[in-house]
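The block underneath contains the structure these notes are about, expressed in structure tokens.
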Amino acid sequence: MSPHVKPRRTLRLVLAAAIAVTAAVTAPAAGAAPAAGRDSVPVPGAAGLGDPLLPLDGNGGYTVNRYLLDFDWQAPRTPFEAKATIQATATKELSRFNLDFAGNTLHKVTVNGTPAEAVREGDELVVTPWLALPRNGAFTVTVTYTADPTQMRHRDDAIEDYGWIPTPSGTALYPQPNGAKMIFPSNDHPSQRAPVTFRISAPAGLTAVANGRLVSREPLPGDRERWTYDSEQPVSTQLVQMAVGKLTPVDRPTTSGVPLRDYVPDDLVERTDKYLALTPKHLDWLEQRLGAYPFKRYGVLVGDTDLAVALETQTLSLVPKGELLGTEVDAERTLVHELAHQWFGDSVALRTWSDLWLSEGHARFYERLYSEEHGGDSFEAAMKTAYTNHNLWRRDVGAPAEPTEPNLFKRMRYDGSALVLYALREKVGAETFQKIDRAWLTKYRGKTASTQDFIDLASAVSGEDMEPFLRPWLYGPTTPPMPNHPDWVATTP
0 MSPHVKPRRT
10 LRLVLAAAIA
20 VTAAVTAPAA
30 GAAPAAGRDS
40 VPVPGAAGLG
50 DPLLPLDGNG
60 GYTVNRYLLD
70 FDWQAPRTPF
80 EAKATIQATA
90 TKELSRFNLD
100 FAGNTLHKVT
110 VNGTPAEAVR
120 EGDELVVTPW
130 LALPRNGAFT
140 VTVTYTADPT
150 QMRHRDDAIE
160 DYGWIPTPSG
170 TALYPQPNGA
180 KMIFPSNDHP
190 SQRAPVTFRI
200 SAPAGLTAVA
210 NGRLVSREPL
220 PGDRERWTYD
230 SEQPVSTQLV
240 QMAVGKLTPV
250 DRPTTSGVPL
260 RDYVPDDLVE
270 RTDKYLALTP
280 KHLDWLEQRL
290 GAYPFKRYGV
300 LVGDTDLAVA
310 LETQTLSLVP
320 KGELLGTEVD
330 AERTLVHELA
340 HQWFGDSVAL
350 RTWSDLWLSE
360 GHARFYERLY
370 SEEHGGDSFE
380 AAMKTAYTNH
390 NLWRRDVGAP
400 AEPTEPNLFK
410 RMRYDGSALV
420 LYALREKVGA
430 ETFQKIDRAW
440 LTKYRGKTAS
450 TQDFIDLASA
460 VSGEDMEPFL
470 RPWLYGPTTP
480 PMPNHPDWVA
490 TTP
């Protein structure tokens, strides 16, 4: 636990006296009902949302309406001053509340402009305002701190390193699954979304980029510039992106009306252009199957890093340079996968981390379907291989919709979950399967949704109760028979 951030004692005593006088004057008579819109007794906001896998991710008692992030970025691997302004609404009368906030040097916290007590408890920042926050009331939290752009953590699954990702000329972000708290104080859970405004100052000659639209670029004293971006639409904290470095913006033509702009390290523009120029084709292919692209713009941020994992950060996917310097088949698989996520996982967000199979399974399904049509391996052969291994994966890392936290991003959530969708398509037919996916993306566009929501919608669209079919695939101890493929055999552990 780090030291408290406390206002001056004199101010505390003055305010306490004022509160006591106000309470004496305005206290209701015995037996009177509480004032409208307020609970009788202020309560603490929950320290987490109770996600089965990561129970302390996110926070209870409020919803975030907008994040305003000010980053005074200096140089690679160099700490810099930062400020997060969080506009929120209390969902109950709050005596205190939590923010997810890990590492970084805390300076000051205010609530509605007044200094507040703030205590670090592990990855939680517990904030106690001077006055209880009324239920349904709007409030603003401002946190100033020194950001550490070298801070990252490691997972022993597909994620590997996450948090701040240093590059030779700057930095990028890899916040999945719960690394946003290393970057800014937040309500860090995939079901919690809010618009983000980024104000990034950096040395002149560098480029800053973030999710959404470039609002302004203005000179600052000291040969610096401020770049302001607006995410335009709410974004989950795990999908936030901000990068600074020697980056070249590259605009792409599009037939769908979606502005396409990539950001590429200066010395990689020519070497990556062949594959990045395929994005318009990828977008057209996915729109034909999934419907209109759900956001206002898209692009790829090429990571000048040895990180081996790409990430579907909203409207600006992070793709490591190594993914774009190999074969065309491999590059396209990665590019299509991250673009498909803009529909699955970004537009339709996860209700809980156990619903990750819906996001990764769909991205892998369409990635493999596209690849088969464009020179890659057989989709059916890949699914047959996944079927062979499915029981082994169930034993080692859990059924598709029953991951454990250490195994969240293991193979089952990718090919193993695409196999569930393949089985559903074999069960209902390709035409009905496409109707299910389009209905899913339409009904839950811009919302969160769960595994049960998908089962219910698949039942409604197909006209058949899909619960008896899908539940064994998603939760059962053994892999069910594959429709239309009686010869497929799942290895017995």
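Numbering that gives the first Met the number 0 puts the sequence shown at residues 0 to 492. By construction, the Cβ of each residue, glycine as well, lies at the ideal position given by its N, Cα and C atoms. Since this is a predicted model, take the numbers as computed values, not measurements.
Query: DSSP-derived helix/strand/coil call for Asn-508; Result: The structure shown has nothing for residue 508, since the chain only spans 0 to 492.
Query: Coarse secondary structure for Arg-444, derived from DSSP in three states; Result: coil
Query: Counterpart residues of Glu-224 in DSSP-defined beta bridges; Result: Ala-201, Pro-218
Query: Paired residues, beta bridge with Ile-85 - DSSP; Result: Tyr-66, Val-140
Query: Under the three-state DSSP convention, the category His-3 falls into; Result: With a pLDDT of 35 at His-3, under the threshold of 50, the modelled position of this residue cannot be trusted; read the value that follows with caution. His-3 falls in the coil class under three-state DSSP.
Query: Best match in Asp-69, Val-118, Thr-113, Leu-132 for proximity to Ala-89 [C-alpha to C-alpha]; Result: Leu-132
Query: Assigned secondary structure, Ser-461 (DSSP; H/G/I helix, E/B strand, else coil); Result: helix
Query: Proximity of Thr-326 and Lys-295 at Cβ, strictly below 9 Å; Result: no
Query: Backbone CA spacing between Glu-286 and Val-249 [nearest angstrom]; Result: 22 Å
Query: Through-space distance from Pro-184 to Gly-475, alpha-carbon basis; Result: 38 Å
Query: Delimiting residues of the beta strand (DSSP E) encompassing Phe-96; Result: 93-99
Query: Proximity to Glu-425 [Cα-Cα], best of Phe-468, Pro-492, Leu-130; Result: Phe-468
Query: Of the residues Phe-453, Ser-449, Phe-378, the one placed nearest Arg-437, counting alpha carbons only; Result: Phe-453
Query: Leu-277 versus Glu-331 - alpha carbon distance; Result: 8 Å
Query: First and last residue of the uninterrupted beta strand (DSSP E) at Glu-372; Result: Glu-372 -> not in any beta strand (DSSP E); alpha helix (DSSP H) instead, spanning 355-372.
Query: Collapsed DSSP secondary structure at Ile-164 in the structure displayed; Result: strand
Query: For Leu-48 and Asn-97, the rounded distance between their alpha carbons; Result: 11 Å
Query: Cut-off 7 Å between Cβ atoms - residues of its own chain near Ala-23, not counting five sequence neighbours on either side; Result: Residue confidence for Ala-23 is low, a pLDDT of 33 falling below 50, so the modelled location carries little weight; the figure read from the coordinates is stated next. Once the five neighbours on either side are set aside, Ala-23 has no close Cβ partner at all.
Query: Contact under 9 Å by Cβ, Val-140 with Thr-127; Result: no
Query: First and last residue of the uninterrupted beta strand (DSSP E) at His-106; Result: 104-110
Query: Val-79 and Ala-146 closer than 9 Å at C-beta; Result: According to the sequence as given, residue 79 is Phe; it is not Val. Cβ distance < 9 Å, so Phe-79 and Ala-146 count as in contact.
Query: N- and C-terminal bounds of the beta strand (DSSP E) containing Val-301; Result: 299-302
Query: Local Cβ density within 10 Å of Asn-135, reported as buried at 16 or more and exposed below that; Result: exposed
Query: Beta-carbon spacing of Ser-230, Pro-194 below 9 Å; Result: yes
Query: For Phe-432, three-class secondary structure by DSSP; Result: helix
Query: Rounded Cβ spacing between Ser-200 and Leu-219 (contact assumed at less than 8 Å); Result: 6 Å
Query: Contacting residues, own chain, Cβ-Cβ under 7 Å from Asp-283 (five flanking each side not counted); Result: Thr-254, Ser-255
Query: Under the three-state DSSP convention, the category Pro-293 falls into; Result: coil
Query: Beta-bridge pairing of Pro-399 - partner residues as DSSP gives them; Result: Pro-399 pairs with nothing; no bridge assigned.
Query: Proximity winner among Leu-368, Asn-58, Ser-358, Glu-116, relative to Glu-379 (alpha-carbon distances); Result: Leu-368
Query: Rounded straight-line distance, which links the Cα of Pro-114 to that of Leu-10; Result: With a pLDDT of only 36 at Leu-10, under the threshold of 50, the placement of this residue in the model should not be trusted, and no figure is reported.
Query: Three-state secondary structure (DSSP) of Glu-120; Result: strand
Query: Own chain, CB closer than 8 Å to Arg-223, minus 5 neighbours either side, in chain order; Result: Ser-200, Ala-201, Pro-202, Ala-203
Query: Run of the alpha helix (DSSP H) containing Val-419, from where it starts to where it stops; Result: 414-427
Query: Buried versus exposed, by CB contacts within 10 Å (16 or more), Glu-120; Result: exposed
Query: Where the alpha helix (DSSP H) containing Leu-53 begins and where it ends; Result: Per DSSP, Leu-53 belongs to no alpha helix (DSSP H) and is neither H nor E.
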